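Asks: Numbering of the sequence shown is given in UniProt numbering, commencing with residue 1 and proceeding in unit increments.
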Amino acid sequence: MKKFFKSVLAVIAGVLISCLIIGGIAVLIIVGFTGIFSNSYSLKDNTVLTIKLSGVMKDKVTPNPIYDYLDIGGSPEISLTDILSAIKKAKDNDKIKGIYIRSGYFTAPSASLVEIRNALIDFKSTGKFIISYADDYLQSGYFVASVSDKVIMNPQGTLDLHGLAVSPTFYKGLLDKIGVEMQIFKVGTYKSAVEPYMLDKMSDANREQVTAFANDIWSTVLKGISSSRNISVEKLNQLTDTLPAFRASSFVIENNLADTLMYETDVKEYLKTLLHVESSKDVHVATIDNMQSVDDPRESESKDQIAILYAEGSIVSGNSSSDINDKYLIRQIEKLKKDEDVKAVVFRVNSPGGSAYASEQIWRAITELKASKPVVVSMGGYAASGGYYISSNATKIFAQPTTLTGSIGIFGMFPNMEGLTNKIGLTFDKVKTNKFSDFGNVTRPMSSEEKEILQQYINRGYDLFLTRCSEGRNIPKDQLEKIAEGRVWTGQQALKIGLVDAIGGIDDAVKEAAKLSNTQEYSTHEYPHKQGMLGTLLKSGKDQFATRALKEYLGNDFQLLKTIKEINNLKEQDFIQARMPYDLDIQ
Numbered sequence: 001m002k003k004f005f006k007s008v009l010a011v012i013a014g015v016l017i018s019c020l021i022i023g024g025i026a027v028l029i030i031v032g033f034t035g036i037f038s039n040s041y042s043l044k045d046n047t048v049l050t051i052k053l054s055g056v057m058k059d060k061v062t063p064n065p066i067y068d069y070l071d072i073g074g075s076p077e078i079s080l081t082d083i084l085s086a087i088k089k090a091k092d093n094d095k096i097k098g099i100y101i102r103s104g105y106f107t108a109p110s111a112s113l114v115e116i117r118n119a120l121i122d123f124k125s126t127g128k129f130i131i132s133y134a135d136d137y138l139q140s141g142y143f144v145a146s147v148s149d150k151v152i153m154n155p156q157g158t159l160d161l162h163g164l165a166v167s168p169t170f171y172k173g174l175l176d177k178i179g180v181e182m183q184i185f186k187v188g189t190y191k192s193a194v195e196p197y198m199l200d201k202m203s204d205a206n207r208e209q210v211t212a213f214a215n216d217i218w219s220t221v222l223k224g225i226s227s228s229r230n231i232s233v234e235k236l237n238q239l240t241d242t243l244p245a246f247r248a249s250s251f252v253i254e255n256n257l258a259d260t261l262m263y264e265t266d267v268k269e270y271l272k273t274l275l276h277v278e279s280s281k282d283v284h285v286a287t288i289d290n291m292q293s294v295d296d297p298r299e300s301e302s303k304d305q306i307a308i309l310y311a312e313g314s315i316v317s318g319n320s321s322s323d324i325n326d327k328y329l330i331r332q333i334e335k336l337k338k339d340e341d342v343k344a345v346v347f348r349v350n351s352p353g354g355s356a357y358a359s360e361q362i363w364r365a366i367t368e369l370k371a372s373k374p375v376v377v378s379m380g381g382y383a384a385s386g387g388y389y390i391s392s393n394a395t396k397i398f399a400q401p402t403t404l405t406g407s408i409g410i411f412g413m414f415p416n417m418e419g420l421t422n423k424i425g426l427t428f429d430k431v432k433t434n435k436f437s438d439f440g441n442v443t444r445p446m447s448s449e450e451k452e453i454l455q456q457y458i459n460r461g462y463d464l465f466l467t468r469c470s471e472g473r474n475i476p477k478d479q480l481e482k483i484a485e486g487r488v489w490t491g492q493q494a495l496k497i498g499l500v501d502a503i504g505g506i507d508d509a510v511k512e513a514a515k516l517s518n519t520q521e522y523s524t525h526e527y528p529h530k531q532g533m534l535g536t537l538l539k540s541g542k543d544q545f546a547t548r549a550l551k552e553y554l555g556n557d558f559q560l561l562k563t564i565k566e567i568n569n570l571k572e573q574d575f576i577q578a579r580m581p582y583d584l585d586i587q
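Have a look at this one:
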């Protein structure tokens, strides 16, 4: 018996020691990663802020050190808010003498590009320099870089201006071949998100709206480049139609699209000249990440806050912190409502829409928040359909001129797979207790009565959407209907018809929120809060890991896989959708 107890105690002791060792190793790993990715940084004299425009831009990014360390995930995500914050800090810091923009492969909503350009133009008002360099300028990077005092290109590089194109994919022919019919229910002449499943090309109404907003966005891009490079809009359009990306670098210089040709190593020497130093050791560089640990002198020590609440992605029902999950976001809104230190909220919306049900729940939460403190919406690249729904009752709405918004309309789709099941030889039988017991059966077409019931359901949802927007914007419902119908508008178009109040970015929205709440001294705080190292690591689930690994492996083909998955996910989505038809990022 003694031997038995000794053996048991030995096993227990062994388990405890093993747990302590494993726990210790885990702590060391976390501490090690924390050390590797620490943001500790101190500015030195003669510092240049380097902005690398490379990857996919989002409003707010939570870096994952594991993915970064292992180099997993394809194109990196870059944070608009981090870039804007770094530029503002650099403007007010005497140790930073200028900005160096390093432009690479870069995709972003045009509204984000406008916001960065405006921040850079404001930075230039101090007299500090901005230079830019690229091996190859894409439209997105060039639009931003054109504000530079000197636009530099590699002697063997290219500068791409080709205009905008919207090229939707239509699935109807494929669905016809495999025997699947999408039964469509919608309200809105321009509500074109369903067109890929019912047509083989754009409808006339959709072509009209896409042409209008694409031309409006392109006009903003051209006017921006024109003012920075002193080239007329007409001349820029002519140059665009020559495909300058395939012209000799001398063509770019001769037409004033760039100022000079240099290799990147020469640019580093050029920085010494700008800083009036002789040694490269005296040229110090600050990255966007470095700037996160640099104090912002404009931030007050007052306990009063202007909160910036981010809502980015598709609107869905759920508790997750990814995308815009209604339950998760509503919890954040309720916290801000109860927090007495929060005097006003800037609601940053960057969403093409999604579930109409989830949009209504978020709308109600924002309405209740607005009853206790001002809510100012700052629209990002998209605040359309469901994105507009959740914005519509704010105290005030700001948009960028190229924001895509509106799209007030809803739709629903229901597959009929009878043709497919017949093709593969599947048959079905049924026993029903009531008339609609098998409602939702995808192996048969809907009856005319079922279709009528569903269309009435959609009509009621649209009427509620109109009511919310009418009350929020103080526009008579009959007048609103004329600009609704699912039509997408740019921010500057939306301003003219009363869907937004002003043109501006996050900073403008913050200033307005402070004004509306009569708050003189305040600090800004972002919500949801950035997770710490441990929280980020624990959040790294297998689905997130798999997605990033597939992006890395498939490259550009990942978009095709994503499209297939979106079609497959239709059966899991809420039936009523308030969603914009297309994304339009500039590359």
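Built from N, CA and C at the ideal position, the CB exists for glycine as well.
Everything numeric in this text was worked out from a predicted model, so none of it was measured.
Which term fits Ala-145, buried or exposed, when burial requires 16 or more other beta carbons within 10 angstroms of its beta carbon?
Replies: Buried is the call here.
Asks: Among Gly-406, Pro-168 and Ser-226, which has the Cα closest to the Cα of Asp-200?
Replies: Out of Gly-406, Pro-168 and Ser-226, Pro-168 has the C-alpha closest to the C-alpha of Asp-200.
Asks: Assuming Ala-514 and Tyr-522 are in contact, meaning their beta carbons sit under 8 Å apart, how far apart are those beta carbons, in whole angstroms?
Replies: Confirmed, Cβ separation roughly 6 Å.
Asks: Quick test of the definition: if touching needs 3 or more C-beta pairs under 8 Å, does the segment 291 to 298 touch the segment 322 to 336?
Replies: Counting Cβ pairs under 8 Å, fewer than three are found: no touch.
Asks: Measure the alpha-carbon distance for Lys-95 versus Gly-504 and round it to whole angstroms.
Replies: Looking at the two C-alpha atoms, the distance is approximately 29 Å.
Asks: Checking 8 Å against the spacing of the C-beta atoms, do Thr-220 and Val-114 come in under that value?
Replies: Yes, the Cβ-Cβ distance between Thr-220 and Val-114 is below 8 Å.
Asks: In chain order, what residues of the same chain lie with their CB nearer than 8 Å to the CB of Ile-458, ignoring the 5 residues before and after it?
Replies: Phe-185, Lys-186, Val-187, Ile-410, Phe-411, Gly-412 and Ile-576.
Asks: Which whole runs of the alpha helix (DSSP H) in the segment 267 to 324 are 4 residues long or more, in chain order?
Replies: Fully enclosed alpha helix (DSSP H) runs of 4 or longer: 288 to 291.
Asks: What are the boundary residues of the beta strand (DSSP E) that Tyr-105 is part of?
Replies: Here the beta strand (DSSP E) through Tyr-105 covers 96 to 109.
Asks: Following the continuous alpha helix (DSSP H) through Tyr-263, name the residue where it begins and the one where it ends.
Replies: Unbroken run through Tyr-263: none, as it is neither H nor E.
Asks: Identify, in the order they occur along the chain, each residue of the same chain with its Cβ nearer than 6 Å to the Cβ of Thr-189, setting aside the five sequence neighbours on each side.
Replies: Contacts found: Ala-205 and Glu-485.
Asks: Which ranges does the alpha helix (DSSP H) cover as unbroken runs of at least 4 residues, wholly within the segment 133 to 162, from first to last along the chain?
Replies: Correct list: 139 to 145.
Asks: Put Asn-230 into one of helix, strand or coil per three-state DSSP.
Replies: Reduced to three states, the DSSP call for Asn-230 is coil.
Asks: Please work out which residues of its chain come closer than 6 Å, Cβ to Cβ, to Phe-170, disregarding the five sequence neighbours upstream and downstream, and give them in chain order.
Replies: For Phe-170, where only same-chain residues beyond five positions count, the Cβ hits under 6 Å are Pro-196 and Asp-200.
Asks: Please report the distance separating the alpha-carbon of Ala-258 from that of Asp-241.
Replies: Cα to Cα, the separation comes out at about 17 Å.
Asks: Does the CB of Ala-494 have a neighbour CB from chain D at under 8 Å?
Replies: Checking the listed chains, one finds no chain D in this structure; it contains a single protein chain.
Asks: Which partner residues of Phe-347 appear in the DSSP bridge assignment?
Replies: DSSP, once it has assigned bridges, lists Leu-309 and Val-377 as partnering Phe-347.
Asks: Can you find the residues in the same chain that come closer than 7 Å, C-beta to C-beta, to Ala-86, ignoring five residues on each side of it along the sequence?
Replies: For Ala-86, where only same-chain residues beyond five positions count, the Cβ hits under 7 Å are Leu-49, Ile-288 and Met-291.
Asks: Could you pull out every residue in the same chain whose Cβ sits closer than 8 Å to the Cβ of Glu-264, ignoring the five residues on either side in sequence?
Replies: Tyr-133, Asp-135 and Asn-154, listed in sequence order.
Asks: Taking Cβ positions, are Thr-490 and Asp-216 nearer each other than 8 Å?
Replies: The answer is yes: Cβ separation under 8 Å.
Asks: Quick one: grab the DSSP three-state call for Leu-414.
Replies: The residue asked about is misnamed: residue 414 is Phe in this sequence, not Leu. Phe-414: strand per DSSP, three-state reduction.
Asks: Between the Cα of Thr-421 and those of Ile-131, Val-431, Asn-441 and Thr-403, spot the shortest distance and give me the residue it belongs to.
Replies: The shortest C-alpha separation from Thr-421 is found at Asn-441.
Asks: For a quick check, are the C-beta atoms of Trp-218 and Leu-164 less than 8 Å apart?
Replies: A contact, by the Cβ cut-off of 8 Å.
Asks: Do Phe-347 and Ala-502 have their C-beta atoms within less than 8 Å of each other?
Replies: Cβ distance not < 8 Å, so Phe-347 and Ala-502 don't count as in contact.
Asks: Excluding five sequence neighbours on each side, which residues of the same chain lie with their C-beta closer than 8 Å to the C-beta of Leu-464?
Replies: For Leu-464, where only same-chain residues beyond five positions count, the Cβ hits under 8 Å are Glu-360.
Asks: Does the count of Cβ pairs from the segment 340 to 356 and the segment 387 to 397 closer than 8 Å reach three?
Replies: Touching, per the Cβ criterion.
Asks: Classify Thr-433 as helix, strand or coil using the three-state DSSP reduction.
Replies: Residue state, collapsed to three classes: coil.
Asks: For Asp-92, collect the residues of the same chain with a Cβ closer than 6 Å to its Cβ; drop the 5 residues on either side in sequence, then sort them by chain order.
Replies: Pro-297, listed in sequence order.
Asks: Could you check how far apart the C-beta atoms of Ser-54 and Tyr-100 are, in whole angstroms? I think they sit under 8 Å.
Replies: Ser-54 to Tyr-100, Cβ: 14 Å. No contact.
Asks: In whole angstroms, what is the alpha-carbon distance linking Asp-304 and Val-375?
Replies: If you take the alpha carbons of Asp-304 and Val-375, they lie about 15 Å apart.
Asks: On the three-state DSSP scale, how would you describe Glu-77?
Replies: Glu-77: strand per DSSP, three-state reduction.
Asks: By Cβ distance, which residues of its chain are closer than 7 Å to Ile-178, with the 5 residues on each side in sequence left out?
Replies: Taken in chain order, the residues that qualify are Leu-420.
Asks: Which residue or residues does DSSP assign as beta-bridge partners of Lys-396?
Replies: Its beta-bridge partners are Val-376.
Asks: Rounded to the nearest angstrom, what separates Gly-461 and Ser-470 at their Cα positions?
Replies: In a straight line, the C-alpha of Gly-461 is about 14 Å away from that of Ser-470.
Asks: Taking Thr-467 as the reference, give the member of Arg-444, Glu-481 and Ser-103 with the closest Cα.
Replies: When only C-alpha atoms are compared, the closest one is Glu-481.
Asks: Please report the residue range of the alpha helix (DSSP H) in which Lys-370 lies.
Replies: Note, Lys-370: alpha helix (DSSP H), 356 to 370.
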